[in-house]
Every structure is written in C-alpha cells, then in structure tokens.
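Enquirer: Got a structure here, written out as structure tokens. Questions coming.
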Amino acid sequence: MTMNRTAAANINLLWCELIVDELVRNGIDYFCISPGSRSTPLTTAVARHPNAKRIVCLDERAAAFHALGYARASGKPAVLVCTSGTALANYFPAVVEASVDCVPMLILSADRPPELLQTGANQTITQRNMFGSYPRWFFELPCPDEVILPQMVLTTVDQAVYQAGRAPMGVVHLNCMFREPLAPIQHPVSETYSASFAALEEVRKDASESYTRYAATIVQPSEYHITQAANILSAAHHGIIAVGELRTTEERSAVRELAEHLGIPVFADILSGLRTEHLPVVPFFDQILLSPKAQAAFAPDVVLHIGGQMTAKRFAQWMERTPPHHHLVLKPHPFRHDPAHTVTLRLEGDIAQTCRLLREQCEQSALQQRNEAITKHLERLQVLSVQIGEIVRSFVEKHEALSEIAVAQTVTEQTPSEHGIFLGNSMPIRDADMYASPNLRVSRLAANRGASGIDGLIATAAGFAEGLQQPTTLVIGDLSFMHDLTSLALLRSVRQPLTIVLVNNQGGGIFSFLPVAGFDDIFEPFFGTPHSYTFRQAADMFGLEYHCPTTQAEFVETYQMAVQGGGHTLIELRTDRQCNYDEHKNLQAEILAFIETEL
Numbered sequence: 190m191t192m193n194r195t196a197a198a199n200i201n202l203l204w205c206e207l208i209v210d211e212l213v214r215n216g217i218d219y220f221c222i223s224p225g226s227r228s229t230p231l232t233t234a235v236a237r238h239p240n241a242k243r244i245v246c247l248d249e250r251a252a253a254f255h256a257l258g259y260a261r262a263s264g265k266p267a268v269l270v271c272t273s274g275t276a277l278a279n280y281f282p283a284v285v286e287a288s289v290d291c292v293p294m295l296i297l298s299a300d301r302p303p304e305l306l307q308t309g310a311n312q313t314i315t316q317r318n319m320f321g322s323y324p325r326w327f328f329e330l331p332c333p334d335e336v337i338l339p340q341m342v343l344t345t346v347d348q349a350v351y352q353a354g355r356a357p358m359g360v361v362h363l364n365c366m367f368r369e370p371l372a373p374i375q376h377p378v379s380e381t382y383s384a385s386f387a388a389l390e391e392v393r394k395d396a397s398e399s400y401t402r403y404a405a406t407i408v409q410p411s412e413y414h415i416t417q418a419a420n421i422l423s424a425a426h427h428g429i430i431a432v433g434e435l436r437t438t439e440e441r442s443a444v445r446e447l448a449e450h451l452g453i454p455v456f457a458d459i460l461s462g463l464r465t466e467h468l469p470v471v472p473f474f475d476q477i478l479l480s481p482k483a484q485a486a487f488a489p490d491v492v493l494h495i496g497g498q499m500t501a502k503r504f505a506q507w508m509e510r511t512p513p514h515h516h517l518v519l520k521p522h523p524f525r526h527d528p529a530h531t532v533t534l535r536l537e538g539d540i541a542q543t544c545r546l547l548r549e550q551c552e553q554s555a556l557q558q559r560n561e562a563i564t565k566h567l568e569r570l571q572v573l574s575v576q577i578g579e580i581v582r583s584f585v586e587k588h589e590a591l592s593e594i595a596v597a598q599t600v601t602e603q604t605p606s607e608h609g610i611f612l613g614n615s616m617p618i619r620d621a622d623m624y625a626s627p628n629l630r631v632s633r634l635a636a637n638r639g640a641s642g643i644d645g646l647i648a649t650a651a652g653f654a655e656g657l658q659q660p661t662t663l664v665i666g667d668l669s670f671m672h673d674l675t676s677l678a679l680l681r682s683v684r685q686p687l688t689i690v691l692v693n694n695q696g697g698g699i700f701s702f703l704p705v706a707g708f709d710d711i712f713e714p715f716f717g718t719p720h721s722y723t724f725r726q727a728a729d730m731f732g733l734e735y736h737c738p739t740t741q742a743e744f745v746e747t748y749q750m751a752v753q754g755g756g757h758t759l760i761e762l763r764t765d766r767q768c769n770y771d772e773h774k775n776l777q778a779e780i781l782a783f784i785e786t787e788l
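Counting from 190, one number per residue, gives the positions in the sequence shown under this note's numbering.
Written as structure tokens, this is what we have:
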C-alpha cells in the first residue's frame, strides 16, 4: 500500500481510506459509485486508492444490478457506494435478487449523524435495517471518532466480507454515519490518534493480507446421510438427475463425473452449463414432457436435484403430479426450495465436494446389477431427445421470417465458446431452456432467477460481462429493455463488448401463453401492454451500433458480425406476439404427435 493515511485531511477520510484499503486487501476491488454529497468521504477514498477499480453509475438501481451481475460472473462481491436518503432505497430490487439467489453483495451507504435522524433534516430517512431480513448481515458504523480504535474499522470490514462470501452468500449492508466535513477539507486528527494509525500502518505496510483472516469453511452432509443418499441412488431403476444452475467449473466437473458414474438420465437446465458435456444428458427433456404418455412411461423412482431451481415449469408440474419415492436435493444453502413439498432428503453442502463423496459411496456392484434396465431407459430418452432436436431444427430452417424460437437456437449455437450469455426473464430464458441448440458451446450462461424480475437486466448483463471478463450477449424482451433503458449509459464505462439481442414484439409476449389471454376485454390493454416503440434512437443516443435484420438469415449474419466485433451492439428483432404464440403451439403439436406415435 503506497498511500499515507496518517496524512489524511480529516478523520472521515481517514476511516474511509481504511475501509477501502481493507476491502482491497480482501480481494474486493470493484466499486460501483453513485454520486452524492454525504458519501463524499467514501467516494474520495475509492477514487484515490491506486488498486481500486471503479465505475460511476448515475442511477442507484442500475448500480445495484450492475454489482449483482459482476458478482454472478466473478463469484465475489462488488461494493456499492451511495449517499443518504432514497438513494439507498433504489438498491432494494437488486438486494432482493441477490439475497434470494445467494449472490454476494456489499453495500456502503452514507448516512446522517444520529442527532439529525427524525428531525426533518433534508435527505434524512431511517436507513437502519432498511432491507429487512434480506441482508445476511447489517452493521451501523458510528460517526468517525477518535475514541474508537482504528482496528474496529478493520475487523468490521473483514467480518462484512466474510459474511457476504460464506455459504449462503448474500448481501451485507454497512451503514456509515458521517458528520461534516464531508469533502477532503483539512481538519487534522490529534497527534495521539495519528500515532495509533501510524503504528498500525507500520505493522501492515509490507503485508497485502487482511487484518482478520477467516479460515475457509466447507459445509458438507454427515457421513450417515451421504451413505443413505448413495444407497438410494445405487438402487434406483428409473432415476433422474435434475441439474439447475451451477456457478463454477469445479461444480460442473464434479456433477459430470457423478452423472457418468451413475449412468442415469440427466435433465440439465439451460443455466447448468452441462448441455454440451459428454454426459447422459437429455437436452430436450422439457419437450418430451409435453406428452402425458411420456410422463407416465418415464416416471422416476428417484430424483436427485442438484443446484438451482429448474426453469422448466413442466418438470415441476410432473414432480408434483407423480412425486418420486425418493426426491433428493443438493444445494449449498439451508433454504427450503420445495414448492411442491416432495423432497424426502435434503443435503446441504458444497456441491463439488458432496458430489465427489456421493460418487465414492455409490457401490459399483449395485450399479452393474441394474445397468441393463438403466441403459435401456436412458437410450429411449436420448433417442427421443435427438429426434426432437431434429424436429426443432427443421422447423426453424423452413421458416424464413424471424421467430423467437429461432433466436434461441441461433444465439446458443452461434455464440463463441469464449463468450458469455445472459438471458432475460419471461420468454428469453424459457425459449433458451426449451429450444437451445445441442451445439451450445459456452459454459457460462446466467439469468436473474432468484426473484425472476424483469428489472435491471441491461445493468446486470453489463456487470456480468465485466465480472466474466469476456464479451457477452444479452437476450432481452422489449418491456424489460424499456424498464432498464437508461442503463445503456453504463456501457460507455464497460470494457467488455455487450451484444444486445432485443426481441421487440411490442408487448408482453409471455402473457399470450397464460389463461388470461382468453379474456379479450382485459387481456390486451392490461396484460398485452401494447406499444409502438422501436429503438434505433436509443442506440444512437447511447452510442451503440444498431442493426434491425428482417429475416432469419439476416439475423444469423448480423449476429455473427456483432460477436466478432469489438463494440457494443443493439440488434433489434421485430416479431409479432400472435405469430410467436402460434409458432410455439404448432411446433409443440408436431413434437407431441411424434412422441405419441413413438411410445
């Protein structure tokens, strides 16, 4: 550390420099700053730290989603810095998403001193525990004061980092009170306090580690329950491994090895990163489940669900209608994810480590005894899936006009392996989960599936690109795009190219698939949410390259050029909601007829 904090202008800045430096020593070096007066000491400390990376986000809501995206990709929290008042409240939607989906996030909010609270002082609200039960930890730092040892600041920061990053990961909120002066105005601290800082700095000047170090902790189930789960899996005759979102290469590798060892079908969610692996994967499992005959024929006796929740609604409905005798769940957190109340054994633990333990415990002799039945079961599913894939590809190829099904196929097939994909909620992630190309090459796909909102998706994708340090494609619907339009301003500070594939069907396409679509008097004005906007002017305003292909062939060519380029690009695809609904229904009818004939 090259800064001389004992020469800081005042005690506010002294504390803030200590906070920022301790975060950097913990490896937390990406800061999302929204301008404001009360947070001036924090912003100054970030701006002057030689190893802090920073991005200025005018909109606090966009800043929080940007931090969320960064953490999704990098696995470590970004730091949010904001002023007092409603600025902090704008973080709430992203805080909810991060908390529910176990994504780390650190908030440094500036606040007024206690003597101004509940006095009517300008820009003063109650910030203590503003986010309720969503943060993993909340702590209120008092106004900087010479009676408080500087070590308290360090241990508080170290605890905050630990709480955000340990399982279950989530949001930590440090509320920082400041009195004047806020700017780096000279108001030197006493010689005694300066001496205490100098002594602390002398001890730490050649070290890059944090003041308090926390030993890494790996949570894993007991040996008894590992053995119990392994015995259940070894005895399964119609087992299924359902794999939701996996976030690390280590997790994907361990799940792949367990699945290969067990040799039972794998229903891999689009966010699992396993769709392209050499596994007993059934890519089009959701389309197989269109058939009631298939649901009955392939009803499992054992299901092992690993990782995040499954995108496919049909899978959840199938589990609810025909619950397996044993429904095992492996997740790295203690929260109950069991809306159908079918889980019989829940394993909380590190996914990679627990999968390795299960693999070691599953008896090879038992697996060999059931091998023939399992192989036949798996082969039937895989043959159906391959043929459904051919039906989907043929359906796309014979339609020259743009279709949203074709968008899912094109993006998942044409995106280079060294890129990332971020999927918007509503139809984009559902279409990708149902119709993604089996030739999908990227392993890092992400989405905000904690609370599944349509807010903040542009900002999240921009943060995801920065955290991943790879070019990224965002597939997003028009209402989601409008909801976060001003986050396009972030792209001028984002170094990794972002290609935005905007599906503009001029309304809420997903509502066409819901029962409310049958009620003409209320559907279009209140659910269809029609509009007549197009977005060339938005691209011009924010300096994005813009394309609007009109055929599927043009889109493929445009998309290939965009991902090979080095800039931010908006590709607007204008589709029709009714046509999209009809195409989905026609394709699914074709698939259903095929399955019913085959079974």
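Every residue gets a Cβ at the ideal spot worked out from N, C-alpha and C, and that includes glycine.
Out of Leu-343, Ile-453, Ala-431, Ile-415, which one is the CA nearest neighbour of Lys-565?
Expert: Measuring from the Cα of Lys-565, the nearest candidate turns out to be Ile-453.
Enquirer: Exposed or buried, what is Arg-684 when buried is set at 16 or more other beta-carbons lying within 10 Å of its beta-carbon?
Expert: Looking at its Cβ environment, which holds fewer than 16 other Cβ atoms inside 10 Å, Arg-684 is exposed.
Enquirer: Give the DSSP-derived three-state secondary structure of Gly-666 in the structure shown.
Expert: Note: Gly-666 maps to strand in three-state DSSP.
Enquirer: Are at least three pairs of beta-carbons, each pair with one atom in the stretch 430-443 and one in the stretch 402-420, less than 8 Å apart?
Expert: With a cut-off of 8 Å, the stretch 402-420 and the stretch 430-443 do not count as touching, because too few Cβ pairs lie within range.
Enquirer: What residue from Thr-381, Phe-320, Asp-290 has the CA that sits closest to Ser-298's CA?
Expert: It is Phe-320.
Enquirer: Taking the alpha-carbon positions, what's the Glu-734 to His-426 distance?
Expert: When rounded, the distance between both Cα atoms is 54 Å.
Enquirer: So is Ala-597 buried or exposed if we call it buried at 16+ other beta carbons inside 10 Å?
Expert: That one is buried.
Enquirer: Just list the beta strand (DSSP E) runs in the stretch 705-776, keeping only unbroken ones of 3 residues or longer that don't cross its boundaries, in chain order.
Expert: Here the runs fully enclosed are 734-736, 758-763.
Enquirer: Out of curiosity, what's the CA-to-CA distance linking Gly-578 and Phe-473?
Expert: Cα to Cα, the separation comes out at about 7 Å.
Enquirer: How should Met-616 be labelled, buried or exposed, when 16 other C-beta atoms within 10 angstroms of its C-beta is the threshold for buried?
Expert: Buried.
Enquirer: Considering just the uninterrupted stretch of the beta strand (DSSP E) at Leu-247, what are its terminal residues?
Expert: Here Leu-247 belongs to no beta strand (DSSP E), and DSSP marks it neither H nor E.
Enquirer: So, using beta-carbon positions, are Ile-689 and Ile-711 closer together than 8 Å?
Expert: For Ile-689 and Ile-711, no; Cβs fall outside 8 Å.
Enquirer: Could you check the C-alpha separation between Arg-250 and Asn-628 for me, to the nearest Å?
Expert: Distance between the alpha carbons of Arg-250 and Asn-628 is about 36 Å.
Enquirer: I need the DSSP call for Cys-291, collapsed to helix, strand or coil.
Expert: Coil at Cys-291, not helix or strand.
Enquirer: Are the stretch 318-333 and the stretch 283-301 touching, with three or more C-beta to C-beta distances below 8 Å?
Expert: The stretch 318-333 is in contact with the stretch 283-301.
Enquirer: In this structure, what does DSSP give as the bridge partners for Tyr-219?
Expert: Partner(s): Lys-242.
Enquirer: Considering only C-alpha positions, which residue in the set Leu-634, Gly-274, Pro-282, Tyr-280 is nearest to Pro-302?
Expert: Here the closest residue by C-alpha is Gly-274.
Enquirer: Is it buried or exposed, Val-432, if we count other Cβ atoms within 10 angstroms and call 16 or more buried?
Expert: Per the 10 Å Cβ criterion, buried.
Enquirer: Alpha carbon to alpha carbon, how far is Glu-655 from Pro-686? Give it in angstroms, no decimals.
Expert: Whole-angstrom Cα-Cα distance: 9 Å.
Enquirer: Between Val-264 and Pro-293, what straight-line distance do the alpha-carbon atoms span, to the nearest angstrom?
Expert: The sequence shown places Gly at residue 264, rather than the Val named in the question. Taking the straight line from one Cα to the other gives about 7 Å.
Enquirer: Can you tell me whether DSSP reads Gly-609 as helix, strand or coil?
Expert: Three-state result, Gly-609: strand.
Enquirer: Following the continuous beta strand (DSSP E) through Leu-478, name the residue where it begins and the one where it ends.
Expert: Counting along the chain, Leu-478 falls outside any beta strand (DSSP E), and DSSP gives it neither H nor E.
Enquirer: How many Å lie between Thr-191 and Leu-389 at the Cα?
Expert: Caution is warranted here: a pLDDT of 43 is assigned to Thr-191, below 50, making its placement in the model unreliable, and no coordinate value can be reported.
Enquirer: To the nearest angstrom, how far is the alpha carbon of Ala-650 from that of Gly-613?
Expert: Taking the straight line from one Cα to the other gives about 9 Å.
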